[in-house]
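Report on the following structure.
Numbering (the UniProt record's numbering), first residue to last: 1 to 375.
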């Protein structure tokens, strides 16, 4: 089955849906505010000779998923843009065109149901929102049409599982410290191809001096085999291995299951941006986000079982479609119940976190003869 049909979050508003289990992602988005606000301020300042922002700002959320997080992002951007206009005595707010992008099997209907209230009478902006189904590794928009693009916790997803991985990764479902080096190299090369392509097609779509803010699930070490920084996935592989021993999952099925993802280090991200050459890297920040981060639990006493279930439910929200398409739907409850117990024990000993680079980019412009790039 094509990755395009299984690389999506759990749909709907049920107990296991992404809409109800994406509190971590909302915390991550909120931690990008400093970079995002500075980027919007720079956009305004650079265009100040034309009264700041254009009359209509065209914004793309790439990998928007479903549920309230996209509107959480756009609402904050509206507040920031309004504050900049007020501070500079601009009376007329710009119009906003917002393009919500994800793969075709994303639950766009769930997202669209939230829009009437969001764009209703209380909204101070004329805001027009559209769904754009398709892979962000290909062209999505006309040339020079976007002013701003945003993506959070999406670019670790690859366009395909590297062919070289196959069964060579054995019981691992992603890079682990005992993975063969060729598996690690195959994942790294696939990310390099995909992220380079992402930058290349965005460079065609974003206006000169247009901006992007991107947030990754990354890693702090250069060598991914030296330290398991994504043990949240390793523990899921261990849970599946236990089920093989129990006769609930076939060994061959586990050996042939690999995740289409890659968590880059900062050096890789910076090198690919430099080599591709279409964008200036303006700002880099790293935020740490606890695996069990959720705004509703900030003021509560730590409970390992509650945290374990919170992490397991969040992982289930994005993993279940891939897992059930490869194995079978009947194992899902047992897998994630066991995974939650394993996670609870881990968190009682170590409060792990995601290493999350946040970067701000500016689209370069070419001189009139296209001979070289200009800042």
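C-beta atoms are modelled at their ideal positions from N, C-alpha and C, and glycine is treated no differently.
According to the DSSP assignment, residue 193 belongs to the alpha helix (DSSP H) that extends over 181-205. Residue 344 and residue 334 have their C-alpha atoms roughly 16 Å apart. A buried status is given to residue 190, since no fewer than 16 other beta-carbon atoms sit within 10 Å of its beta-carbon. Linking residue 178 to residue 87 through their CA atoms gives a straight-line distance of about 55 Å.
Annotation: residue 99 is outside any alpha helix (DSSP H); the continuous beta strand (DSSP E) that includes it extends over 95-102. Here residue 307 carries a helix assignment [DSSP, helix/strand/coil]. Proximity to residue 39 across 213, 349, 259, 336 peaks at 213, based on C-alpha coordinates. Between residue 205 and residue 145, the CB-CB gap stays under 8 Å.
Residue 59 carries a strand assignment under DSSP once its states are collapsed to helix, strand and coil. In the DSSP assignment, residue 280 falls within the beta strand (DSSP E) that extends over 279-290. Nearest neighbour of residue 128 by Cα position, chosen from 56, 217, 224, turns out to be 56.
With fewer than three CB-CB distances shorter than 8 Å, the region 12-21 does not count as touching the region 197-211. In the structure shown, residue 76 adopts helical secondary structure according to DSSP, grouped into three states. Taking 3 residues as the shortest admissible run, the region 106-140 contains the following complete beta strand (DSSP E) segments, listed from N- to C-terminal end: 127-133.
With respect to residue 168, residue 136 sits apart: the two C-beta atoms are not nearer than 8 Å. Our two residues, residue 265 and residue 159, have alpha carbons roughly 19 Å apart in a direct line. For residue 30, DSSP assigns no beta-bridge partner whatsoever. Residue 8 and residue 89 have their C-alpha atoms some 43 Å from each other. Distance from residue 283 to residue 359 at the Cβ level is roughly 7 Å; contact confirmed, criterion being Cβ atoms closer than 8 Å.
Closest option to residue 223, judged by alpha-carbon separation, among 63, 70, 181: 181. About 6 Å separates the CB atoms of residue 239 and residue 342; that is less than 8 Å, so the two are in contact. Residue 363 is bridged by DSSP to 279.
DSSP places residue 340 in the uninterrupted alpha helix (DSSP H) bounded by 332-349.
Of all alpha-carbon atoms in 139, 53, 132, the one lying nearest the alpha-carbon of residue 194 is that of 139. Straight-line measurement puts the Cα of residue 25 at about 11 Å from the Cα of residue 151.
The continuous alpha helix (DSSP H) containing residue 254 extends over residues 251-255.
Between the region 57-75 and the region 96-112, the count of Cβ pairs shorter than 8 Å is three or higher; the stretches touch.
By the Cβ neighbour-count rule, residue 362 is buried, with 16 or more other Cβ atoms within 10 Å of its own.
Within its own chain, the residues whose Cβ lies closer than 7 Å to the Cβ of residue 327, once the five positions on either side in sequence are excluded, are 249, 253, listed in chain order.
Contact annotation: residue 364 and residue 258 have beta-carbon atoms that are not nearer than 8 Å. Remark: C-beta atoms of residue 148 and residue 210 approach each other more closely than 8 Å.
Less than 8 Å separates the beta-carbon of residue 287 from that of residue 356. If you draw a straight line from the Cα of residue 227 to the Cα of residue 186, it comes to about 18 Å. In the DSSP assignment, the residues bridged to residue 261 are 157. Leaving aside the five residues that flank residue 75 on each side, the residues in its chain whose CB is nearer than 8 Å to its CB run, in chain order, 118.
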